[in-house]
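Colleague: Heads up: the sequence lines are chains A and B, in that order. Under the working numbering, the first residue of the first sequence carries the number 1, and numbering increases by one thereafter. Under the working numbering, the first residue of the second sequence carries the number 1001, and numbering increases by one thereafter. Below is a structure I'd like to ask you about.
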Amino acid sequence: MSLNVLYSFNEGVKGLKRVPMATIITITTIAVTQILFGLFLFFTVNVHYLINEMRNKVTLEVFIDAGLSDKDQKLLGEKISSFPGVASVKYVSKEEALKVFSKESGIDPLSILGENPLPSSYHITVTNEKRTPDEIEKIKQGISDINGVDEVVYNSTFYKLISKYSSRVLFADGLIFGLVVIVTILLVANTLRLSILTQKKTIEIMQLVGASKKFIRMPYLLQGMFQGLIGGVFGSVAIIICVIIVKIYFPRLFTVSLPVAAVPLLLGMILGYIGSSIALRRYLAE
Amino acid sequence: MVKLNGVWYRADGNTILENIRLDIKSGEFVSIVGPSGAGKSTLLRLIHMEIFPTRGVVEVANYKSNTIMEKEIPHLRRKTGVIFQDFKLLEDRDVFENVAFALWATGVRRSRIKKKVFKVLAEVGISHKRFTPVVQLSGGEKQRVAIARAIVNDPYVLLADEPTGNLDPDATEDIVGLIKRINKMGVAVLMATHKTELVKILKEKTVRIEQGRIVS
Ligand SMILES: Nc1ncnc2c1ncn2[C@@H]1O[C@H](COP(=O)(O)OP(=O)(O)O)[C@@H](O)[C@H]1O
Ligand SMILES: [Mg+2]
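Written out as structure tokens, the structure is:
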């Protein structure tokens, strides 16, 4: 049996026009929450991108005891590279360290002190799964205990900060996502309740003449999805605007957000569908 | 074709229908008469399967109230036309749309709808007002539209619940005549009314029901 989709769509739009205030309030409120959600989504995706970038760059500097022979230094390097969680090891000699230091600070310690005060070191990165503050701290302790290691240094406060920050952003995301879900489902269900009430008689007549359940429900499902979708469009537009602004003003930052713009749109439609299904179950007794 | 086989219906602890036995053959005309509150409407709603018996089985063609699936009910409804004293028309639409609605809602193709609707409007004698909004019609005319809608899907049976309840004597005569004509075309009719005079004029098979029981 062919269902006239155009008819359902038409009836759906008519149904919303019968309850204009509820429709406007619903779409506006969904739009506001979706914009908020869109902004946070954009922000989160980029913060996570940044955090990952930073995590990948975290290096531990392992300073080597001054008295160690070349052969012992080499042995130490092997020990360090076989230490669990270590991804890569790079040897930095006294001379290289001095060059980098002089270049970065503009000071030449050799001319002041007459000798090179910088120790040789190993620069290590850690494997993906060990890139949490706790694990890095453990690796630091472990390597410090190896014979021939003077000291292990890395920027721990900075590191702890970004980790904490990222979990807070995730928490806020969860809250706003919950808000979008609740607001969309409740408001869509409410508009549909009103829309169904104005159509009680029509629905009764449909049932009387033998309209299929699908035929009766379809206009309402479309109404719900339509409201969620329009609200979602606002969230998507918010993300697209952010992407454009960032592309113009911070072209080297954040390049990954465009596909994310589809999320509010899809979310709105799915939630609208859920909201209308709930309303139909409650207000359209079979 | 419509068969009730010792049917009981209870609601809120009251027995509304008690051991109803009824057998309507195809093409038959049966009047159900009885005072207000006797259970006539309840009986029709059981046949239309808006409600289901507490005990016993209602059979309409191949559908049985105890085995029918929810998704089969729309199909049953298409084969059991109903009319009421309050017509139950869509007040914001015209005559054509009201009848077309029954076809539309059941998935009939557009091209067939027009033909069928025009034909059935001619049968009930309201073709000349096919594009008139139903709010502008008299009671008798509204009931004609309702009858057209009820028979447009070629039902086995027309269930008429006090079809003349809101009509003046002239319109009553018209509508009863029309229902008889439709019956002559082969549609079984089950008409419920509390007006005993009406049944006397009709001279058709009559079932009298009082306080939920068939008394004759
Ligand atoms: N859903 C219901 N719940 C409880 N009682 C009902 C219900 N429907 C009908 N009744 C009662 O059943 C009796 C028969 O009603 P009805 O079938 O409408 O009678 P009639 O159509 O012969 O006037 C009445 O007493 C009415 O109050
Ligand atoms: Mg009644």
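Every residue gets a Cβ at the ideal spot worked out from N, C-alpha and C, and that includes glycine. In this text, all values refer to a predicted model and were calculated from it rather than measured experimentally.
1. With distance defined between alpha-carbon atoms, name the residue in A:G106, A:K57, A:G67, A:Y283 nearest to K200 of chain A.
2. Output yes or no for whether 8 Å exceeds the beta carbon distance between T110 of chain A and L118 of chain A.
3. Mind checking the segment 228-247 of chain A against chain B and listing, in chain order, the residues whose C-beta falls within less than 8 Å of any C-beta there?
4. Going by alpha carbons, who is nearest to I278 of chain A out of A:G231, A:I196, A:F250, A:I239?
5. Under a CB-based cut-off of 8 Å, is V19 of chain A close to chain B?
6. Out of curiosity, what's the CA-to-CA distance linking K1064 of chain B and L1121 of chain B?
7. Quick check on DSSP: helix, strand or coil for V180 of chain A?
8. Less than 7 Å between the CB of S1036 of chain B and some heavy atom of ligand 1, yes or no?
9. Taking 7 Å as the line, does the beta carbon of N1019 of chain B fall inside it for any heavy atom of ligand 1?
10. Per DSSP, what kind of secondary structure is G1006 of chain B in: helix, strand or coil?
11. I'd like the ranges of any beta strand (DSSP E) spanning at least 3 consecutive residues and lying wholly in the segment 1081-1161 of chain B.
12. DSSP three-state label for N1014 of chain B, please.
13. Ends of the alpha helix (DSSP H) at G1178 of chain B?
14. Just to confirm the assignment, what range does the beta strand (DSSP E) spanning H1048 of chain B have?
15. Would you say T202 of chain A faces chain B, with C-beta separation under 8 Å as the test?
16. Give me the DSSP bridge partner(s) of Y291 of chain A.
17. Throw me the rounded Cβ distance for the I139 of chain A and V153 of chain A pair, which I believe falls under 8 Å.
18. Give a yes or no on whether the minimum CB-CB distance between I24 of chain A and chain B is below 8 Å.
19. Please tell me whether I296 of chain A and F234 of chain A are closer than 8 Å, where the distance is taken between their beta carbons.
20. Just the chain B side, please: which residues come within less than 8 Å of M225 of chain A by C-beta, in chain order?
21. Locate the beta strand (DSSP E) running through F250 of chain A, then write down its first and last residues.
22. Go through its chain and collect everything with a Cβ distance to L175 of chain A's Cβ below 8 Å, but skip five positions before and after it.
23. What is the residue span of the beta strand (DSSP E) that A1250 of chain B lies within?
24. K57 of chain A lies in the alpha helix (DSSP H); which residues open and close that run?
25. Using only the heavy atoms of ligand 2, determine whether one of them is closer than 7 Å to the beta carbon of E1162 of chain B.
26. Kindly examine ligand 2 and report whether one of its heavy atoms sits closer than 7 Å to the Cβ of S1031 of chain B.
27. Can you name the residues of chain B whose CB is closer than 7 Å to the CB of L208 of chain A?
28. Of all the CB atoms in chain A, is at least one closer than 8 Å to the CB of F1131 of chain B?
29. How about K213 of chain A: is its C-beta nearer than 8 Å to some C-beta of chain B?
30. Which word fits Q1143 of chain B, buried or exposed, when buried means at least 16 other C-beta atoms lie within 10 angstroms of its C-beta?
31. Rounded to a whole number of angstroms, what is the C-alpha to C-alpha distance between F171 of chain A and F37 of chain A?
32. Would you mind working out which of A:I124, A:T26, A:F9, A:K74 sits nearest S88 of chain A, comparing C-alpha positions?
33. Could you check if V1040 of chain B belongs to the surroundings of ligand 2, using beta carbon to heavy atom distance under 7 Å?
34. Please list the partners that R1149 of chain B has in chain A, where partner means a Cβ-to-Cβ separation under 8 Å.
35. When you compare only the Cα positions, how much space is there between S1036 of chain B and H1194 of chain B?
36. Sort out for me which residues DSSP pairs M206 of chain A with in a bridge.
Modeller: Inspection of the coordinates gives the following:
1. Reading the first sequence from its first residue, position 200 is the one you call residue 200 of chain A. Selected option, being the one with the closest Cα: A:Y283.
2. Here residue 110 of chain A is taken as the residue at index 110 of the first sequence, counted from 1. Here residue 118 of chain A is taken as the residue at index 118 of the first sequence, counted from 1. The question names Thr, yet the displayed sequence has Leu at residue 110 of chain A. For L110 of chain A and L118 of chain A, no; Cβs fall outside 8 Å.
3. Residues of the segment 228-247 of chain A that bring their beta carbon within less than 8 Å of a beta carbon in chain B are absent altogether.
4. Locating residue 278 of chain A in the first sequence gives position 278, where the first residue counts as 1. Ranked by how close their Cα comes to the Cα of I278 of chain A, the residues A:G231, A:I196, A:F250, A:I239 have A:I196 in first place.
5. Residue mapping note: residue 19 of chain A aligns to position 19 of the first sequence, counting from 1. Chain B contact via Cβ: absent.
6. Taking the second sequence and counting its residues from 1, the one referred to as residue 1064 of chain B is at position 64. Taking the second sequence and counting its residues from 1, the one referred to as residue 1121 of chain B is at position 121. In a straight line, the C-alpha of K1064 of chain B is about 32 Å away from that of L1121 of chain B.
7. Looking up residue 180 of chain A in the first sequence gives position 180. Three-state DSSP puts V180 of chain A in a helix.
8. Locating residue 1036 of chain B in the second sequence gives position 36, where the first residue counts as 1. Taking non-hydrogen atoms of ligand 1 into account, the C-beta of S1036 of chain B is found less than 7 Å away from one of them.
9. One-based indexing of the second sequence puts residue 1019 of chain B at position 19. Outside the cutoff, so no.
10. Translated into positions along the second sequence, residue 1006 of chain B becomes position 6. If DSSP states are grouped into helix, strand and coil, G1006 of chain B belongs with the strands.
11. You should have 1157-1161.
12. On the second sequence, position 14 is the one that residue 1014 of chain B refers to. Correct three-state label for N1014 of chain B: strand.
13. Within the second sequence, numbered from 1, the residue matching residue 1178 of chain B stands at position 178. Residue identity check: residue 1178 of chain B is Leu in the sequence provided, not Gly. Here the alpha helix (DSSP H) through L1178 of chain B covers 1169-1184.
14. As a first step, residue 1048 of chain B is located in the second sequence; it is residue number 48 there, counting from the start. Annotation: H1048 of chain B is outside any beta strand (DSSP E) and is labelled neither H nor E by DSSP.
15. For the purposes of this step, residue 202 of chain A is identified with residue 202 of the first sequence, where counting begins at 1. Proximity of T202 of chain A to chain B, defined by a Cβ-Cβ separation below 8 Å, is satisfied.
16. In the structure as shown, chain A starts at 1 and stops at 286, and residue 291 of chain A therefore has no counterpart that could be examined.
17. Position 139 of the first sequence, counted from the first residue, corresponds to residue 139 of chain A. Position 153 of the first sequence, counted from the first residue, corresponds to residue 153 of chain A. About 13 Å; that fails the 8 Å criterion.
18. Locating residue 24 of chain A in the first sequence gives position 24, counting from the first residue. With 8 Å as the cut-off, I24 of chain A does not count as an interface residue toward chain B.
19. Residue numbering for chain A in the displayed model covers 1 to 286; residue 296 of chain A lies beyond these limits and cannot be assessed.
20. Position 225 of the first sequence holds residue 225 of chain A. Simply none; closest approach about 21 Å.
21. Numbered from 1 along the first sequence, position 250 holds the residue referred to as residue 250 of chain A. Boundaries for F250 of chain A: no beta strand (DSSP E) harbours it, and the DSSP string shows neither H nor E there.
22. Position 175 of the first sequence, counting from 1, holds the residue named residue 175 of chain A. Excluding positions up to five away in sequence, the list is empty.
23. No answer is possible for residue 1250 of chain B: it lies beyond the span of chain B, which begins at 1001 and ends at 1216.
24. The residue labelled residue 57 of chain A in the question sits at position 57 within the first sequence. Start and end: 20-57.
25. Within the second sequence, the letter at position 162 stands for residue 1162 of chain B. The answer is yes for E1162 of chain B.
26. Start at 1 with the first residue of the second sequence, and residue 1031 of chain B comes out as number 31. Not one heavy atom of ligand 2 is found less than 7 Å from the C-beta of S1031 of chain B.
27. The sequence position of residue 208 of chain A within the first sequence is 208, counting from 1. Chain B residues near L208 of chain A: R1077, V1082, K1088.
28. Locating residue 1131 of chain B in the second sequence gives position 131, where the first residue counts as 1. Judged by the 8 Å Cβ criterion, F1131 of chain B is not in contact with chain A.
29. One-based indexing of the first sequence puts residue 213 of chain A at position 213. Look at K213 of chain A: its C-beta is under 8 Å from a C-beta on chain B.
30. For the purposes of this step, residue 1143 of chain B is taken as residue 143 along the second sequence, with counting starting at 1. Buried, since its Cβ has 16 or more Cβ neighbours within 10 Å.
31. Here the question's residue 171 of chain A lines up with position 171 in the first sequence. Here the question's residue 37 of chain A lines up with position 37 in the first sequence. Separation of F171 of chain A and F37 of chain A (C-alpha to C-alpha, rounded to the nearest whole angstrom) is 13 Å.
32. Numbered from its first residue, the first sequence carries residue 88 of chain A at position 88. Here the closest residue by C-alpha is A:I124.
33. For the purposes of this step, residue 1040 of chain B is taken as the residue at position 40 of the second sequence. One point to set straight first is that residue 1040 of chain B is Lys, not Val, in the sequence displayed. In this structure, K1040 of chain B has its CB closer than 7 Å to one or more heavy atoms of ligand 2.
34. Along the second sequence, read from residue 1 onward, the residue named residue 1149 of chain B stands at position 149. Against chain A, a Cβ distance below 8 Å from R1149 of chain B picks out V209.
35. Taking the first residue of the second sequence as position 1, residue 1036 of chain B is located at position 36. Taking the first residue of the second sequence as position 1, residue 1194 of chain B is located at position 194. Looking at the two C-alpha atoms, the distance is approximately 6 Å.
36. The residue you call residue 206 of chain A lines up with position 206 of the first sequence. M206 of chain A is not bridged to any residue.
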